[in-house]
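J.:
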Amino acid sequence: MFLRFSDASFILAVLVPEAHSMMGQQRHTESLFYYFRIEDHVPENHLLRAIDRLVSFDFVREKLKPFYSETGRPSIDPELLLRLLLVGYLYGVTSERRLIEELRMHLAWRWFTGLNFDQEVPHHSTFSKNRHGRFLASGIFEELFDHIVRQCIKAGLVQGDHLSVDGTFVQADASNGSRIPREQLSEVAHVNRNVRQYLDDLQRENPIEEEPRPQDKVSTTDPDARYFSKGDKAPTLGYLDNYLIDNASCVVLAVEATDAHPSREIQAAETMLAKCVHRFRLEPRTLAADGGYGGAEFLNGLERRGIDSYIPLRKHYPSNAHLYGIDRFTHYPETNSYECPEGKALKFIGIKPAVNRSYIYRSTATKCGGCPRKAECTTGRYRQLVIHVEEAVRQRAQERTQAPAFFRHQRARRKIEAVFGELKNQIGLRRVRLRRLRHVREQFFMAATAQNLKRLVRHITQSEPVSQWESAVFVLGATGCLLAK
């Protein structure tokens, strides 16, 4: 009787003793069929399972429905793409190519996005096509961020009475060597698409306000990025990521992406506060920030909103510690004048808009010439007082800096630095991957959304039994309110 090779192999396998049977040798063999459910291999306490249970993304399709045609080939589910992007920010994967590669191997990621093993993984270019089209036009990233903030408020995580604001510099995806003189932009636009689109955008938008201190040189790689330096660090191209946070929970309540100019921080803070009050119906009582926000106009705006500022004051005019301060002079409203310690009058001269909108009060060389205390009062021929038009607001803010509560709020403000540390070290956003401000804004919104989601899941799982939330799925209503379904 003749044996085939396969039969002989089987016989040898049975007859020959297994010399390494105690070692448990693992052989790389594959079966033709497997019985496998992804659901069974995702732990119950997994972050993505908690997010999927607590947050509904159904509003995504409703929001994007007008941007899809009813005819043609079926497109990739926008909710799937948004969930994929969110996974990347939750786990610090900033590259979409790498995100797709990791998706092929991570069971929990596949489960969260709803992709089975027999479904094709989207190509990384799909993100760019949707980003420049439907996602950008619909504002879906800001909508998702607001949706999660409302969820945090609904869960009782946000108190909303004590807030902090700050901005952090994020490097642009452009080198310093890509900068050219502004007057050469029109010439370069013939061969550079980025510059051509930038000039088209400027012409189409026709901004009412002139850019503060326009840059002498503009990057041809990312024209919106600004050359910026802080402290002793070398100048580089980048953007400012501005956060408004709730001190009690460290939840990010508002996000603003701006070009890297110090004046943009205050503008962003005003915009974020307005959104916070209007969209979420919060009533903040205090705001803490660093000295960069200590301008009189910003402090006055806070006071009009009924918000107490705990911010170090910014000096609006030069001062000399060895000379008499404004507290040594007496103001007489009926004559709109000041009187010095020696009884000499300083008359009102006028307003200087160029000097931070200040009132000017001035003595004369004759009055000050023979004064025995002139050396303690001024180094010039006569004494001049420069009083900001919002000096009363400044004085009230100055009084708060001497109160014990000031140091408490300033300590709480440091939490925002920890939030920025999480942004750069865990999410990996030390450098933006996208170019142009409108796309950088997407990254900032998604990063803040991921940060808030982690806090929301931790708060709910620690404070209440999960079973109470399994039946409460939250959806975004047509009016933008959070409703229980």
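All residue numbers for the sequence shown refer to this note's numbering, where the first residue is 7 and numbers rise by one.
For every residue, glycine included, the Cβ atom is placed at its ideal position computed from N, Cα and C.
Quick caveat: nothing in here was measured; it's all calculated off a predicted structure.
#1: In chain order, what residues of the same chain have a beta carbon less than 7 Å from the beta carbon of Pro229, not counting five sequence neighbours either side?
#2: Any chance you could list the alpha helix (DSSP H) runs of at least 4 consecutive residues sitting entirely within the segment 329-390, in chain order?
#3: Taking Val395 and Glu309 to be in contact with their CB atoms under 8 Å, please state how far apart those CB atoms are, rounded to whole angstroms.
#4: Could you say which of Thr227, Val155 and Arg140 lies nearest to Gly183 if we only look at CA atoms?
#5: Please report the residue range of the alpha helix (DSSP H) in which Arg185 lies.
#6: Buried or exposed: His415, going by 16 or more other Cβ atoms within 10 Å of its Cβ?
#7: Give me, in chain order, the residues of the same chain whose beta-carbon lies closer than 7 Å to that of Ile82; leave out the 5 immediate sequence neighbours on both sides.
#8: For the beta strand (DSSP E) that Tyr316 lies in, which residues bound it at each end?
#9: Specify whether the segment 85-95 and the segment 152-161 touch according to this definition: at least 3 beta carbon pairs, one from each stretch, less than 8 Å apart.
#10: Which first and last residues belong to the alpha helix (DSSP H) in which Glu192 is found?
#11: May I ask you to report which of helix, strand or coil DSSP gives Gly173?
#12: Quick one: Cα of Gln165 to Cα of Val257, how far?
#13: Quick one: grab the DSSP three-state call for Arg199.
#14: Mark Tyr338 as exposed unless 16 or more other C-beta atoms lie within 10 angstroms of its C-beta, in which case mark it buried.
#15: Could you compute how far the alpha carbon of Arg444 sits from the alpha carbon of Val171?
#16: With a threshold of 16 other CB atoms inside 10 Å of the CB of Glu448, please say whether the residue is buried or exposed.
#17: Roughly how many whole angstroms lie between the Cα atoms of Ala274 and Tyr299?
#18: Nearest to Gln190 by CA position, among Ile159, Val224, Gly173 and Pro290, is which residue?
#19: Please return the same chain residues whose Cβ sits closer than 7 Å to the Cβ of Ile433, not counting the five positions on each side in sequence.
#20: Roughly how many angstroms separate the alpha carbons of Asp64 and Lys71, rounded to a whole number?
#21: Where does the unbroken alpha helix (DSSP H) through Gly427 begin, and where does it stop?
#22: Inspect the beta-carbon positions of Ser343 and Lys353 and report whether they are closer than 8 Å.
#23: Using three-state DSSP, classify Tyr97 as helix, strand or coil.
#24: Note down the Cα distance separating Arg364 from Thr384, rounded to an integer number of angstroms.
#25: Rounded to whole angstroms, what's the CA-CA distance from Gly312 to Asp252? Just pull it up for me.
#26: So Arg103 is in the alpha helix (DSSP H); what residue range does that whole segment cover?
#27: Less than 8 Å between the CB atoms is what I'm expecting for Arg116 and Ile44, so what's the real figure, rounded?
#28: If you draw a straight line from the alpha carbon of Leu391 to that of Thr370, how long is it in whole angstroms?
T.: Well, looking at it:
#1: Asn200, Val201 and Tyr204
#2: 371-375 and 380-383
#3: Actually they do not touch by this definition, with Cβ atoms about 14 Å apart.
#4: Thr227
#5: First-last for Arg185: Arg185 to Pro187, but that is the beta strand (DSSP E), not the alpha helix (DSSP H).
#6: Classification of His415: buried, given that the 10 Å Cβ count is 16 or more.
#7: Same-chain partners within the cutoff: Pro128 and Thr132.
#8: Asp314 to Tyr316
#9: no
#10: Inspection of the sequence shows that residue 192 is occupied by Ser rather than by Glu. Where Ser192 is concerned, the enclosing alpha helix (DSSP H) stretches over Leu191 to Val194.
#11: strand
#12: 10 Å
#13: helix
#14: exposed
#15: 22 Å
#16: With 16 or more Cβ atoms within 10 Å of its Cβ, Glu448 is classed as buried.
#17: Cα to Cα, the separation comes out at about 11 Å.
#18: Val224
#19: Tyr95, Gly98, Ala453 and Ala456
#20: 11 Å
#21: In the DSSP annotation of this structure, the continuous segment of the alpha helix (DSSP H) that includes Gly427 starts and ends at Lys421 to Asn431.
#22: yes
#23: coil
#24: Before going further, note that residue 364 is Ser rather than Arg in the sequence given. Ser364 and Thr384: Cα-Cα distance of roughly 19 Å.
#25: 17 Å
#26: Glu102 to Leu109 is the extent of the alpha helix (DSSP H) around Arg103.
#27: 6 Å
#28: 12 Å
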